[in-house]
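Enquirer: All you need for the numbering used here is the position in the sequence shown, starting with 1, plus 793. Note that the Cβ used here is the ideal one computed from N, Cα and C, for glycine as well.
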Amino acid sequence: MDLKPKTVNSGINVIIVIPVYNHVRTLRDVVVRASEVHHAVMVVDDGSTDGGADTLTGLDVLVVRHPENLGKGAAILTAAAEARKLGMTHIVTIDADGQHDPCDFRRLIPVLEEKPDAIVVGKRDFENADVPGPNRFGRSFSNFWFRVQTSQSLGDVQSGFRAYPLSVLENLSLHEPRYSFEVEVLVKAAWAGVEVRETDIPVCYPPDRISHFHLFWDNFRLSILNFKLTMRSVAPWPHRKIVSSRHQPEEKITVWHPIRSIRTLLTENTSPRQLAAAGALGVLLGTLPLVACHTIVILFATSFFRLNKIAALSTSQLCMPPIIPGLCIETGYFMRHGRFLTEISLETLGYQALERFYEWLIGSLVLAPLMAILTGGIVYLIAVFIRRDVE
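Below you can see the structure in the form of structure tokens.
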């Protein structure tokens, strides 16, 4: 077969990659349709036992086989290595189960031509498809954690219809061999300065579709991965960049340059509204009884909402014991008993500690929003006056 690179445009040489594991019923149809829209197609048989690759006899397609099932991530990396040998610059992955229309390959190409070093994700249309509930939940779950970990928004982190620059896959440190690979690669690419773009695509979930997603084990792997990525996202040392970007800040946050890092943190997201929102969020979370985990929760929340971390952490210190917790406990006690707690003793604070904690919780639900609004308003006015004086 002729798999010599044929430039699409702008020096881009693309090969369609179809990882497959036991999809004998749909594989040939997907490959035929892919071959109709692009001349270069590769199938990576990830240790299938149903003879699916044998159905491709007579088709002008490259087949690469794993002797055993290694996982989707491993199949994609194998395809990337083979594509590089063929002189390709990009791979476009399409699932073998028939949920994607290979004709939508054409939707990704204009985005690639505009930004060749970006990863392009086909955002599946879940509005006009009979989408299973677990798929909807899984996408929302992964989208949420992607935003927490990268401070970026993406509409379909779990989509398997993607375009990868080979240079990105070759320069990232990727360790997940199975489904979780598709989450890992997007998060680490975003950390590395790689732009992640989206384009809308339709999707089809036939009733007899075969899925090899293991509900327990794959969700368990995703949970472990998200925990590791989230911890790394708040660690005070920089991510290695593989793509320079004018939109990336010049100053990096690192423990080796504390003064420079503090200056960077102080100047990120610093409009009056952003500072007010950060201050309000810090007090809101600082008032809640998040014992021993206020700081980590505030860091996660500010990353998710793209707010100033220093402002939020600073205002949260207003809620340190004993004043704010004491006010919350008194409020909660009053809500439960119709009177204030006036006795401070070993019995009321020691033996009845669980009751006090419960009162702290319900009292904070009343005081936290009020204090957040008050703090946000004060911070906003101060920020406006300071900015006006500077200008």
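1) Threshold first: 4 residues or longer. Then list the alpha helix (DSSP H) segments lying entirely within the stretch 877–958, N to C.
2) Taking 8 Å as the cut-off, decide whether the C-beta atoms of THR868 and VAL913 are in contact.
3) May I ask which residues mark the beginning and end of the beta strand (DSSP E) holding GLU975?
4) With the cut-off set at 8 Å, would you say LEU965 and LEU870 are in Cβ contact?
5) Under three-state DSSP, which class holds THR992?
6) Looking at VAL837 and SER828, is the spacing between their C-beta atoms short of 8 Å?
7) Going by CA-CA distance only, name the one from PRO970, VAL810, LEU1008, PRO1031 that's closest to GLU861.
8) Would you call the CB atoms of HIS1096 and CYS1121 closer than 8 Å?
9) Across the stretch 847–863 and the stretch 921–933, are there enough close Cβ pairs to call them in contact, namely three or more that are closer than 8 Å?
10) What's the C-alpha gap between MET1113 and ALA1104?
11) Any idea if ARG1181 is buried or exposed, counting beta-carbon neighbours within 10 angstroms, 16 or more meaning buried?
12) Which residues in the same chain as TYR1067 place their Cβ atom closer than 7 Å to its Cβ, once the five residues preceding and following it in sequence are excluded?
13) When burial is assigned at 16 or more other CB atoms within 10 Å of the CB, is LEU820 buried or exposed?
14) Is it buried or exposed, ALA873, if we count other Cβ atoms within 10 angstroms and call 16 or more buried?
15) When burial is assigned at 16 or more other CB atoms within 10 Å of the CB, is ALA1085 buried or exposed?
16) Within 10 angstroms of its Cβ, does LYS916 collect 16 or more other Cβ (buried), or is it exposed?
17) Could you tell me whether the Cβ atoms of ALA983 and VAL976 are closer together than 8 Å?
18) Just tell me which of SER1026, LEU1018, PHE898, ILE887 has its CA closest to the CA of TYR814.
19) On a Cα-Cα basis, can you pick out the residue from VAL1172, ARG818, ASP910 that is closest to PRO1065?
20) In chain order, what residues of the same chain have a beta carbon less than 8 Å from the beta carbon of PRO909, not counting five sequence neighbours either side?
21) Which one or two residues does DSSP pair with ARG858 in a beta bridge?
22) Please report the residue range of the beta strand (DSSP E) in which ILE805 lies.
23) Which same chain residues end up closer than 6 Å to PRO903 when comparing Cβ atoms and leaving out the 5 residues on each side of it in sequence?
24) If I measure Cβ to Cβ from LYS981 and keep anything under 6 Å in the same chain, skipping five residues before and after, which residues do I get?
25) Which residues in the same chain as HIS816 place their Cβ atom closer than 7 Å to its Cβ, once the five residues preceding and following it in sequence are excluded?
26) Contact between the stretch 1133–1143 and the stretch 1158–1170 is defined here as three or more beta-carbon pairs at a separation below 8 Å; is this criterion met?
27) Helix, strand or coil for PRO1114, going by three-state DSSP, please let me know.
28) Taking 8 Å as the cut-off, decide whether the C-beta atoms of ASP918 and ILE994 are in contact.
29) Exposed or buried, ASP894, counting other C-beta atoms within 10 Å across all chains shown (16 or more means buried)?
30) Can you give me the C-alpha to C-alpha distance between ALA876 and GLY948, rounded to a whole angstrom?
31) Tell me the residue span of the alpha helix (DSSP H) that contains ILE1103.
32) With the cut-off set at 8 Å, would you say ALA1069 and ALA1176 are in Cβ contact?
33) Looking at the structure shown, is ALA867 part of a helix, part of a strand, or coil, going by DSSP?
Expert: This is what the structure gives:
1) 898–907, 926–943
2) It should be pointed out that residue 868 corresponds to Ala in this sequence rather than to Thr. Not in contact: ALA868 and VAL913 (Cβ atoms no closer than 8 Å).
3) Run containing GLU975: none in the beta strand (DSSP E); it sits in the alpha helix (DSSP H), 974–984.
4) No, Cβ-Cβ distance for LEU965 and LEU870 is not below 8 Å.
5) strand
6) It is not a contact, given that the beta carbons lie outside the stated cut-off.
7) The shortest Cα separation from GLU861 among PRO970, VAL810, LEU1008, PRO1031 belongs to PRO970.
8) Looking at the sequence shown, residue 1096 is not His but Ser. Not a contact, by the Cβ cut-off of 8 Å.
9) no
10) 16 Å
11) exposed
12) A quick correction: the sequence has Gln, not Tyr, at residue 1067. Short of 7 Å from the beta carbon of GLN1067, and not among the five residues preceding or following it, lie these beta carbons of its own chain, in chain order: LEU1100, ASN1101.
13) buried
14) buried
15) exposed
16) buried
17) no
18) ILE887
19) VAL1172
20) SER803, GLY804, ILE805, THR882, HIS883, PRO958
21) ASP838
22) Counting along the chain, ILE805 falls outside any beta strand (DSSP E), and DSSP gives it neither H nor E.
23) none
24) LEU965
25) If we look at HIS816 and ignore the five residues flanking it on each side, its Cβ neighbours are GLY845, ALA889, ASP890, ILE1003.
26) No: fewer than three Cβ pairs fall under 8 Å.
27) coil
28) Yes.
29) Burial call: buried.
30) 28 Å
31) 1102–1109
32) yes
33) helix
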